[in-house]
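Below: the structure, in structure tokens.
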Amino acid sequence: MKSEPDVFSIDTLKKDKTTWWTGVRNYTARNNMQAMELGDMILFYHSNAEPSGVIGIAEVSKLAAPDQLQFDKKSEYYAEKATQEKPIWFCTEIKYKSKFDQLVSLDQIKHDPKLKNMALLKQGRLSVSPVSEAEFKHICKLGEK
DNA sequence: GCCAACGTTGGC
DNA sequence: GCCAACGTTGGC
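The first sequence lines up with residues 12 to 156 when you count with the numbering used here.
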């Protein structure tokens, strides 16, 4: 899961413990969240950062539920066509697990043969993308000294 | 259903 | 700030 650290960083998640991943307005990203199961592990990625990369780990703490911001007329994430009966946007709640000793940069990921098939690289702009167990473990190894 | 125009993400 | 790579919208 990607987040701009200026907006919501791993340190904010650490402080808040949990957060609903609201504001995702892309169908593929939404579908990926709806496919998540309780306890699934998440790579937390800082985008638009210096440098960008995976900075830590979170865990799915609540299954996907309607994103409440879609009903809020004052929110920038308001969705006119959404109703309580038929919500359009869903999000999971995630829980802080840990912050890496060292960030695993996008550049590292790009140049690591074990990570070259990551969905993250295939579709760079997607904010929620799937990760294989092998990729997950390998990135954890790189992030933890 | 096609496609042009437009908007967004995110690396650089 | 630029721009590539998408995704979305809406006219037809």
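The beta-carbon is built from N, C-alpha and C at its ideal position, and this holds for glycine as well.
- Runs of the beta strand (DSSP E) lying entirely within the region 50 to 106 and spanning at least 3 residues, in chain order: 52 to 57 and 64 to 77.
- DSSP places PHE19 outside both helix and strand once states are collapsed to three, so it counts as coil.
- Taken atom to atom, the span from the alpha-carbon of LYS85 to that of ASP22 is near 27 Å.
- Taking a C-beta distance under 8 Å as the contact criterion, LYS73 and THR103 qualify as a contact pair.
- In chain order, LEU80, GLN81, PHE82 and ASP83 place their CB closer than 8 Å to the CB of TYR89, counting only its own chain and leaving out the 5 sequence neighbours on each side.
- Here the alpha carbon of LYS26 sits roughly 18 Å from the alpha carbon of VAL65.
- Around the beta-carbon of ARG136, fewer than 16 other beta-carbon atoms lie within 10 Å, marking it exposed.
- Look at GLN119 here: in three-state DSSP terms it is helix.
- Per DSSP, the beta-bridge partners of THR29 are LYS106.
- Excluding its 5 nearest sequence neighbours in each direction, GLY50 has C-beta neighbours in its own chain below 8 Å: GLU70 and VAL71, listed in chain order.
- At the C-beta level, ASN59 and GLU15 come within 8 Å of one another.
- Under the three-state reduction of DSSP output, LYS148 falls in the helix class.
- Only exposed fits HIS122, as fewer than 16 other CB atoms lie within 10 angstroms of its CB.
- Between TYR56 and LYS106 the beta-carbon gap is near 16 Å, outside 8 Å, which marks them as no contact.
- DSSP places GLN134 outside both helix and strand once states are collapsed to three, so it counts as coil.
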